[in-house]
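Peer 1:
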Amino acid sequence: MGIGAKVERVISGRSESNGFFVRFLDGLSMVYGFAVKMRAVLYNKNILKSGRLSCRVVSVGNITAGGTGKTPVTMHVAQLLRDAGYSTVVISRGYKGRAENCGGIVSDTDTVLMGPEDSGDEPFMMAARLPGVPVLVGKDRLAMGRLAMKRFSPDVIVLDDGFQHRRLFRDMDIVLIDETSFRADMRLLPRGPLREPVSALGRADLIVLTRSSGPSTPAIEILAGLAPGKPVFRSSHAPYVCGVFKDGAFAAGADQADDPSGMSRSFELLKKANVFVFSGIANNQAFQDMVAGMARAVVGEMAFPDHHHYTDADMNAIVGQAEKRSADFLVTTEKDYVKLNGKRIGSIGLVVIGIDMSFQGQETAFAQCIQNMIAGKPHE
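Quick note on the working numbering: the sequence shown kicks off at 1 and runs consecutively.
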């Protein structure tokens with residue numbers, strides 16, 4: 001087993017070992033925890049200062065490494081603010097994009113100006129999905145906020161993955177927690193998944209539990225102690241078919257004939273298909289499990305690291321394995337699809353799955369809570 005796999009098993013809690021390697025990670029976690037605590041003290045005492053912008057700033061973030069659904073929630077929040085009449089801008093780090101360090105404008109109100117190689121995969125996807133909402137990227141979110149104010153004069157800026165970026169003052173912090181894996185005894189990186197101690201949830205203004213289903217879990221009770229009085233919403237991922245392609249071109253199917261935008265949410269195509277799944281996201285297993293519940297059968301899968309940039313060799317391997325196993329379709333995420341421009345898929349079809357967020361009948365209450373906080377009113 002490689003070192004990366006060992007670390008992942010320890011972080012996820014799937015390793016029962018208490019040997020030297022785990023004790024080594026414990027030591028690193030103590031060092032990391034001390035640094036995180038000192039940084040928090042410096043900000044809390046205003047020794048390190050947070051820069052302010054002359055507009056409202058809403059952060060969507062989490063306290064764990066890995067996927068909790070930040071990008072879908074960021075898009076959901078940006079859409080509801082835009083639809084409520086607020087001029088809105090989204091700022092993301094642009095992780096692993098060429099513009100991450102220098103910063104830049106991915107899209108204005110009308111046009112996508114960068115490709116995924118420059119912007120990073122998630123900002124490019126947001127730019128494509130959020131007409132009328134400019135998207136900017138850059139490691140220095142304060143500098144990008146100032147650029148956004150100069151170019152677009154927004155009423156609200158939404159920060160994607162901004163909870164730890166305290167250099168930019170936020171009017172509202174939305175913190176996401178995966179309800180299926182959250183525990184009170186989770187440890188700090190690299191021994192566990194925590195970016196910050198769970199006590200950091202006291203800074204949150206609103207908490208969203210993701211991947212929620214069925215009756216409430218112990219996470220609700222844990223949060224009542226960690227963030228008393230803070231509004232908590234349960235949510236789940238709502239997948240949909242956002243494209244069906246063959247030989248690099250849009251293909252009919254999944255009720256697309258009546259949906260020229262290519263955003264059909266029908267899964268009838270997959271119910272009759274044997275599929276080969278590939279993805280490079282933070283939680284590949286969750287995506288594979290989701291597709292398994294939609295398709296007739298998953299005949300194979302390939303998983304890549306988060307934000308993976310696909311090469312021709314990668315696609316040849318994927319297509320080769322899919323054809324060998326007689327798959328009817330390849331299935332991947334919208335985030336992965338945006339990085340496949342010009343890549344060969346041969347004669348096999350490709351189904352692209354997008355993710356929206358469902359607030360389980362509480363969409364109106366969630367939107368009203370955010371608008372009240374933006375307007376400076378207390379949550380009711």
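All residues carry an ideal CB built from backbone N, CA and C; glycine is no exception.
Whole angstroms is fine: what's the gap from E334's alpha carbon to I281's?
Peer 2: For the purposes of this step, residue 334 is taken as the residue at position 334 of the sequence shown. For the purposes of this step, residue 281 is taken as the residue at position 281 of the sequence shown. Computed Cα separation, rounded: 10 Å.
Peer 1: Any idea which residues DSSP pairs A35 with across the strands?
Peer 2: Translated into the one-based positions of the sequence shown, residue 35 becomes position 35. Looking at the DSSP assignment, A35 forms no beta bridge with any residue, so it has no partner.
Peer 1: Measure from the alpha carbon of V283 to the alpha carbon of each residue in L350, A219, T64, F21, then state which is nearest.
Peer 2: Working through the sequence shown from its first residue, we reach residue 283 at position 283. Before going further, note that residue 283 is Asn rather than Val in the sequence given. If we check each option's Cα against that of N283, T64 comes out closest.
Peer 1: Name the residue from V106, Q288, A295 whose alpha carbon lies nearest to the alpha carbon of K272.
Peer 2: Walking along the sequence shown from the start, residue 272 turns up at place 272. Looking at the Cα atoms, A295 is the closest of the given residues.
Peer 1: Does the beta-carbon of S54 have 16 or more other beta-carbons within 10 angstroms, so that it is buried, or is it exposed?
Peer 2: Position 54 of the sequence shown, counted from the first residue, corresponds to residue 54. By the 10 Å Cβ count, S54 comes out exposed.
Peer 1: Considering just the uninterrupted stretch of the beta strand (DSSP E) at G180, what are its terminal residues?
Peer 2: Start at 1 with the first residue of the sequence shown, and residue 180 comes out as number 180. According to the sequence displayed, residue 180 carries Thr and not Gly. It is not in any beta strand (DSSP E) - T180 carries neither H nor E in the DSSP assignment.
Peer 1: Less than 8 Å between C-beta atoms, sequence neighbours within five positions excluded: which residues of the same chain meet that for A251?
Peer 2: Within the sequence shown, numbered from 1, the residue matching residue 251 stands at position 251. Because A251 sits at a pLDDT of 44, beneath the cut-off of 50, its placement in the model cannot be relied upon, and the point is left open.
Peer 1: Across which residues does DSSP place M114 in a beta bridge pair?
Peer 2: Locating residue 114 in the sequence shown gives position 114, counting from the first residue. Its beta-bridge partners do not exist; DSSP assigns none.
Peer 1: Have a look at D26, R93, A303 and flag the residue whose alpha-carbon is nearest the alpha-carbon of A384.
Peer 2: Since the first and last residues shown for the chain are 1 and 380, residue 384 lies out of range.
Peer 1: Which full runs of the beta strand (DSSP E) of 3+ residues lie inside the stretch 65-142, going along the chain?
Peer 2: 88-92, 104-107, 135-137
Peer 1: Taking a contact to mean a Cβ-Cβ separation below 8 Å, would you say V232 touches L201 in this structure?
Peer 2: As a first step, residue 232 is located in the sequence shown; it is residue number 232 there, counting from the start. As a first step, residue 201 is located in the sequence shown; it is residue number 201 there, counting from the start. Contact flag unset, no.
Peer 1: Grouping DSSP H, G and I as helix and E and B as strand, with all else coil, what is R344?
Peer 2: The residue you call residue 344 lines up with position 344 of the sequence shown. Coil.
Peer 1: For F24, does the three-state DSSP call read helix, strand or coil?
Peer 2: The count along the sequence shown starts at 1 and reaches residue 24 at position 24. Reduced to three states, the DSSP call for F24 is helix.
Peer 1: Measuring CA to CA, which of A313, G192, T109, L130 is closest to D26?
Peer 2: For this step, residue 26 is matched to residue 26 along the sequence shown. Comparing Cα-Cα distances from D26 to each of A313, G192, T109, L130, the minimum goes to G192.
Peer 1: For A303, which residues in the same chain have their Cβ closer than 7 Å to its Cβ, ignoring the five residues on either side in sequence?
Peer 2: Working through the sequence shown from its first residue, we reach residue 303 at position 303. Same-chain partners within the cutoff: S279, N284.
Peer 1: Closest by CA to D356, which one among P239, V36, I220, R56?
Peer 2: Looking up residue 356 in the sequence shown gives position 356. Considering only alpha carbons, the answer is P239.
Peer 1: In the DSSP assignment, find the beta strand (DSSP E) that holds L206 and state where it starts and stops.
Peer 2: The residue given as residue 206 occupies position 206 in the sequence shown. 206-210 is the extent of the beta strand (DSSP E) around L206.
Peer 1: How many Å lie between Y95 and Y337 at the Cα?
Peer 2: Along the sequence shown, one-based indexing puts residue 95 at 95. Along the sequence shown, one-based indexing puts residue 337 at 337. Each residue's alpha carbon lies about 17 Å from the other.
Peer 1: I'd like to know whether the C-beta of S153 is nearer than 8 Å to at least one C-beta of chain D.
Peer 2: In the structure shown, chain D cannot be found, because there is only a single protein chain.
Peer 1: Take the Cβ of S216 as the centre, count every other Cβ of all protein chains shown within 10 Å, and call the residue buried at 16 or more, exposed below.
Peer 2: Within the sequence shown, the letter at position 216 stands for residue 216. Counting Cβ neighbours within 10 Å, S216 comes out exposed, since fewer than 16 surround it.
Peer 1: Is it right to say V298 is buried, meaning 16 or more other beta carbons lie within 10 angstroms of its own, or is it exposed?
Peer 2: Numbered from its first residue, the sequence shown carries residue 298 at position 298. By the neighbour-count rule (16 or more Cβ atoms within 10 Å), V298 is buried.
Peer 1: So, is F163 buried or exposed, given that buried needs 16 or more other C-beta atoms within 10 angstroms?
Peer 2: Counting from one through the sequence shown, the residue named residue 163 turns up at place 163. Flag for F163 reads buried.
Peer 1: Measure the C-alpha to C-alpha separation of D312 and K339 and round it to an integer number of angstroms.
Peer 2: Within the sequence shown, the letter at position 312 stands for residue 312. Within the sequence shown, the letter at position 339 stands for residue 339. Computed Cα separation, rounded: 11 Å.
Peer 1: Which word fits P305, buried or exposed, when buried means at least 16 other C-beta atoms lie within 10 angstroms of its C-beta?
Peer 2: In the sequence shown, the residue the question calls residue 305 occupies position 305. Answer is exposed; the Cβ neighbour count stays below 16.
Peer 1: Just to confirm the assignment, what range does the alpha helix (DSSP H) spanning G225 have?
Peer 2: Working through the sequence shown from its first residue, we reach residue 225 at position 225. Run containing G225: 218-226, per the alpha helix (DSSP H) assignment.
Peer 1: State the Cα-Cα distance for the pair D83 and R325, rounded to the nearest angstrom.
Peer 2: The residue you call residue 83 lines up with position 83 of the sequence shown. The residue you call residue 325 lines up with position 325 of the sequence shown. About 45 Å.
Peer 1: Among E117, E122, I157, which residue has its Cα nearest to the Cα of R52?
Peer 2: Working through the sequence shown from its first residue, we reach residue 52 at position 52. Among E117, E122, I157, the Cα nearest to that of R52 is on I157.
Peer 1: DSSP puts R301 in a beta bridge; with which residues?
Peer 2: Start at 1 with the first residue of the sequence shown, and residue 301 comes out as number 301. A small fix is needed here, since residue 301 is Glu in this sequence, not Arg. BP columns for E301 point to V277.
Peer 1: Is N62 buried or exposed, if buried means 16 or more other CB atoms sit within 10 Å of its CB?
Peer 2: Here the question's residue 62 lines up with position 62 in the sequence shown. Burial call: buried.
Peer 1: When the Cα of P154 is compared with those of L270, M125, I91, which residue comes out closest?
Peer 2: As a working mapping, residue 154 is identified with position 154 in the sequence shown. Nearest C-alpha to P154: I91.
Peer 1: What does the Cβ neighbour count give for C102, buried or exposed, with the cut at 16 atoms within 10 Å?
Peer 2: By one-based count along the sequence shown, residue 102 stands at place 102. Per the 10 Å Cβ criterion, exposed.
Peer 1: Looking only at its own chain, which residues have a Cβ that is under 8 Å from the Cβ of I220, when we skip the five neighbours before and after it?
Peer 2: The sequence position of residue 220 within the sequence shown is 220, counting from 1. Closer than 8 Å at Cβ, skipping near neighbours: L209, V232.
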